[in-house]
Amino acid sequence: MSAHGTPEPLMSRKAGALSGTAEVPGDKSISHRALILGAMAVGETRITGLLEGQDVLDTGRAMQALGAEVVNHGQGSWSVHGVGVGGFSEPDQVIDCGNSGTGVRLIMGAVATHGFATTFTGDASLTSRPMARVTDPLALFGAQAVGRAGGRLPLTLVGASDPVPVRYATPVPSAQVKSAVLLAGLNAPGETVVVEREATRDHSERMLAGFGATISTEVTDEGRVITLTGRPELQPQEIAVPRDPSSAAFPVCAALITEGSDVLIPNIGLNPTRAGLFETLREMGADLTYEDPRDEGGEPVADLRARFSPEMKGIRVPPERAASMIDEYPILSVVAAFAEGVTDMPGVAELRVKESDRIDAMAQGLRAAGVTVEEGDDWWRVHGRGPGGVEGGVTVAARLDHRIAMSFLCLGMASKQPVTVDDASPIATSFPIFEPLMTTLGASFSRPEG
Numbered sequence: 001m002s003a004h005g006t007p008e009p010l011m012s013r014k015a016g017a018l019s020g021t022a023e024v025p026g027d028k029s030i031s032h033r034a035l036i037l038g039a040m041a042v043g044e045t046r047i048t049g050l051l052e053g054q055d056v057l058d059t060g061r062a063m064q065a066l067g068a069e070v071v072n073h074g075q076g077s078w079s080v081h082g083v084g085v086g087g088f089s090e091p092d093q094v095i096d097c098g099n100s101g102t103g104v105r106l107i108m109g110a111v112a113t114h115g116f117a118t119t120f121t122g123d124a125s126l127t128s129r130p131m132a133r134v135t136d137p138l139a140l141f142g143a144q145a146v147g148r149a150g151g152r153l154p155l156t157l158v159g160a161s162d163p164v165p166v167r168y169a170t171p172v173p174s175a176q177v178k179s180a181v182l183l184a185g186l187n188a189p190g191e192t193v194v195v196e197r198e199a200t201r202d203h204s205e206r207m208l209a210g211f212g213a214t215i216s217t218e219v220t221d222e223g224r225v226i227t228l229t230g231r232p233e234l235q236p237q238e239i240a241v242p243r244d245p246s247s248a249a250f251p252v253c254a255a256l257i258t259e260g261s262d263v264l265i266p267n268i269g270l271n272p273t274r275a276g277l278f279e280t281l282r283e284m285g286a287d288l289t290y291e292d293p294r295d296e297g298g299e300p301v302a303d304l305r306a307r308f309s310p311e312m313k314g315i316r317v318p319p320e321r322a323a324s325m326i327d328e329y330p331i332l333s334v335v336a337a338f339a340e341g342v343t344d345m346p347g348v349a350e351l352r353v354k355e356s357d358r359i360d361a362m363a364q365g366l367r368a369a370g371v372t373v374e375e376g377d378d379w380w381r382v383h384g385r386g387p388g389g390v391e392g393g394v395t396v397a398a399r400l401d402h403r404i405a406m407s408f409l410c411l412g413m414a415s416k417q418p419v420t421v422d423d424a425s426p427i428a429t430s431f432p433i434f435e436p437l438m439t440t441l442g443a444s445f446s447r448p449e450g
């Protein structure tokens, strides 16, 4: 059952050659952070290219509830009138973060060192996801979380009235945990330090520096040591959000597996902590090229061109690459189903606690479509059936997970028989224009009768 209302089944049929230009939305990770840091700056931050998916809109509403002024000027142009570090006020209502794990965890960090209580909730998917991974390190600052067993939403976070700086080594690679600790450290005195053994997406560090915070990163025997000096006066910025590599993954991968396809996806962020999927696809033999590589707003970007690639082979994806492509494993497993040989994906336990158990969700659906999948607690393996070799002819459960829904709709574009997802409505959380964009490229979608 969809958390967004009545379930919206969607069927994807075998498509002809996909072609054209895919203008995907703005980067979701950067959009969340732009709103939050804009709210913590002094003055007006202007943002263009903001992703206007439900997850980001929920974060914007949360910033308003905390006292910032957030204005939509239309066509992806927004402004945030910030209240300064330490300037948030206690919200009058519960903060509902919908489906967004990134939104709720980052906002928890931002309020953890303010001396008031904030209650958080979300949809059926978000309330099943673990929050202790964030509330535990925030407790080191002096914050207290009161809620359901296992640290799940809804919960109330009582911020520290007299916060102390912390040094925290992340037990698992997680940009959300790292960012929550850094955001909490903004309103703590002295230096807050985060140590991560494996590099995760570094948008928070880049953007904090851009807003004027004193932050440094050093690579040591411990890993990446990130040091933030607390209580800066953040300066408002002009932010142009690059387009989301996680959204670009869907037209890219659909083109690679659909016969005759040639698709251009412009202005995609290629931050090295996010571009692991594209590196993996090229190692598999994908015809995927970077055109006009450049730098925009401190982030590397390029135009991606993806063409049908019938010669792709299965590979072993290095486990150390997982953090740079954790959200892309579902769609990678679809590509792997159309490659020759076996694709091994180790070191991916994080997939078990995303919007759904993504390993189980993809494995169940792929098996139903005729693909052999093996799995363990932190690994899975897809046995490819080669170009055009996937049967399809199934209805799969999206499990309130936007990436599961989009991945199986891409599977249907190249499988012998149609593939139906039981509820496509969660796609709006991250990629609200997915259906019309893919249809313009040549995808064949329809609402199943009944």
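Under the UniProt record's numbering, think of the first position of the sequence shown as 1, with each following residue one higher. Glycine included, every Cβ here is placed at the ideal spot set by N, Cα and C.
Residue 202 beta carbon less than 9 Å from that of residue 99: Remark: C-beta atoms of residue 99 and residue 202 do not approach each other more closely than 9 Å.
Own chain residues within Cβ distance below 6 Å of residue 146, not counting five before or after: 156
3-residue-minimum beta strand (DSSP E) runs that sit fully inside the stretch 98-132, ordered along the chain: Listed in chain order, the complete beta strand (DSSP E) runs (minimum 3 residues) inside the stretch 98-132 are 117-121.
Residues near residue 283 by beta carbon distance below 6 Å, same chain, minus five either side: 315
Runs of beta strand (DSSP E) lying entirely within the stretch 230-297, each at least 3 residues, in chain order: 238-240, 262-269, 287-296
Any 3 or more C-beta pairs closer than 8 Å across the stretch 215-230 and the stretch 32-44: no
Contact check, residue 393 vs residue 418, beta carbons under 9 Å: The Cβ atoms of residue 393 and residue 418 sit closer than 9 Å to each other.
6 Å Cβ shell around residue 443 - same chain, five flanking residues per side excluded: 15, 413
CB of residue 121 within 9 Å of CB of residue 153, strictly: yes
C-alpha distance - residue 176 paired with residue 138, whole-angstrom precision: If you take the alpha carbons of residue 176 and residue 138, they lie about 12 Å apart.
Sub-9 Å separation of residue 27 and residue 429 beta-carbons: no
Buried versus exposed call for residue 187 [16 or more other C-beta atoms within 10 Å across all chains shown]: buried
Per-residue DSSP class, three states only, for residue 480: Here the chain comprises residues numbered 1 to 450, so residue 480 is not present and cannot be evaluated.
Beta-carbon gap between residue 44 and residue 81 smaller than 9 Å: In this structure, residue 81 lies closer than 9 Å to residue 44 by Cβ.
Expected contact under 8 Å - CB spacing of residue 324 and residue 276 to nearest Å: 3 Å
Three-way DSSP call (helix, strand, coil) for residue 55 in this model: Shown here, residue 55 sits in a helix according to DSSP, grouped into three states.
Beta-carbon proximity of residue 454 to residue 92, cut-off 9 Å: Nothing can be reported for residue 454: it is not among the residues displayed for the chain, which extend from 1 to 450.
Which listed residue (386, 158, 163, 172) has its alpha carbon closest to that of residue 133: 172
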